[in-house]
Amino acid sequence: MDKDSCRSLIRLYGSKLLLWNSTSPWYRNKHMREEAWKEISAEMGMPMPLLKKKMTSLMSCYRRERWRLDRKIKIGSGRGVSKSKWFAFNEFSFMRNKKSDETSCEVKKTIKQEIGAENNEESNACANDEDPLNLNKAPKRRNFRAFNVIVGSHTDPYFSFGQNLANELRKYDSRTLSYVKRAINNVIFEADLGRYTPKRSRGSSREED
Numbered sequence: 040m041d042k043d044s045c046r047s048l049i050r051l052y053g054s055k056l057l058l059w060n061s062t063s064p065w066y067r068n069k070h071m072r073e074e075a076w077k078e079i080s081a082e083m084g085m086p087m088p089l090l091k092k093k094m095t096s097l098m099s100c101y102r103r104e105r106w107r108l109d110r111k112i113k114i115g116s117g118r119g120v121s122k123s124k125w126f127a128f129n130e131f132s133f134m135r136n137k138k139s140d141e142t143s144c145e146v147k148k149t150i151k152q153e154i155g156a157e158n159n160e161e162s163n164a165c166a167n168d169e170d171p172l173n174l175n176k177a178p179k180r181r182n183f184r185a186f187n188v189i190v191g192s193h194t195d196p197y198f199s200f201g202q203n204l205a206n207e208l209r210k211y212d213s214r215t216l217s218y219v220k221r222a223i224n225n226v227i228f229e230a231d232l233g234r235y236t237p238k239r240s241r242g243s244s245r246e247e248d
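First residue of the sequence shown: 40, per the numbering used here; consecutive thereafter.
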């Protein structure tokens, strides 16, 4: 599900008070809740089980993100108003009106249960393309691997020889290049047959005996 669809889902969910607000008189009415989800499914044009699963993931992400921001403010590292860079955070503005003690309890419970066992769906839902923490990790690993390849290639004499040979071949026209490539292949073929392998003399063989 793309980000725009996620935002639409959150807005529709937020408009159904009985789905998320425990003070609603129909909060525990399973039939009413099911009807609300059917309306969301019809509006989104997606199956209800898929939407429920996605919403659960998004809710978990929101709780963790809100817990993280609240914690930064409490320990004084927020430096003023701390803003979330998670793409869907502002869509959950309707959740900010919930009682702080209720939210705190939900967050603590969710954090304990979910941080150690996130599934792929939830990880994708929480992915933040704008978050520098998520942006930096993968490129750093890729750059490190690329650096190792480059360093290793410069210390490999065969690689250096191949590079020099490639530079020489670039000087020739297509006809000359065909002859040169064939000659090189012939030399390699003869080397494979042992033509250039030094042969021991008879004298050295007798000394070894």
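Every residue gets a Cβ at the ideal spot worked out from N, C-alpha and C, and that includes glycine.
Compute every distance between the C-beta of residue i and the non-hydrogen atoms of the ligand ATP, then say whether any falls below 7 Å.
| i | result |
| --- | --- |
| methionine 85 | Among the components modelled here there is no ligand, and therefore nothing to report on the ligand ATP. |
Hey, how far is the Cα of residue i from the Cα of residue j?
| i | j | result |
| --- | --- | --- |
| tyrosine 211 | arginine 221 | 14 Å |
| isoleucine 114 | tyrosine 101 | 20 Å |
| tryptophan 65 | leucine 57 | 6 Å |
| alanine 81 | glutamate 74 | 11 Å |
| lysine 93 | glutamate 207 | 58 Å |
| arginine 135 | lysine 91 | 21 Å |
| leucine 232 | lysine 238 | 13 Å |
| tyrosine 197 | asparagine 203 | 10 Å |
| isoleucine 28 | glycine 201 | Absent from the structure is residue 28, since the part of the chain shown begins at 40 and ends at 248. |
| leucine 216 | arginine 209 | 8 Å |
| asparagine 68 | threonine 95 | 19 Å |
| asparagine 225 | alanine 205 | 17 Å |
| arginine 110 | histidine 70 | 38 Å |
| isoleucine 223 | threonine 236 | 17 Å |
| isoleucine 227 | methionine 40 | 55 Å |
Should residue i and residue j be called a contact, given that it needs their Cβ atoms to be closer than 8 Å?
| i | j | result |
| --- | --- | --- |
| tryptophan 76 | methionine 87 | yes |
| leucine 108 | serine 123 | yes |
| isoleucine 79 | lysine 55 | yes |
| cysteine 45 | leucine 89 | no |
Residue i: buried (16+ other C-beta within 10 angstroms of its C-beta) or exposed?
| i | result |
| --- | --- |
| tyrosine 218 | exposed |
| aspartate 140 | Any reading at aspartate 140 must be qualified, since the residue scores a pLDDT of 42, below 50, and its modelled position is unreliable; no value is offered. |
| glutamate 229 | exposed |
| serine 199 | exposed |
| serine 61 | exposed |
| serine 213 | exposed |
| arginine 105 | buried |
| arginine 103 | buried |
Would the stretch 121-130 count as touching the stretch 45-53 if we require 3 or more Cβ pairs under 8 Å?
Cβ pair count under 8 Å is three or more, so yes.
Where are the alpha helix (DSSP H) runs, 4 residues long or more, that stay fully inside the stretch 47-78, in chain order?
Here the runs fully enclosed are 56-59.
What runs of the alpha helix (DSSP H), each 4 residues or longer, lie entirely inside the stretch 190-238?
Fully enclosed alpha helix (DSSP H) runs of 4 or longer: 196-208 and 213-231.
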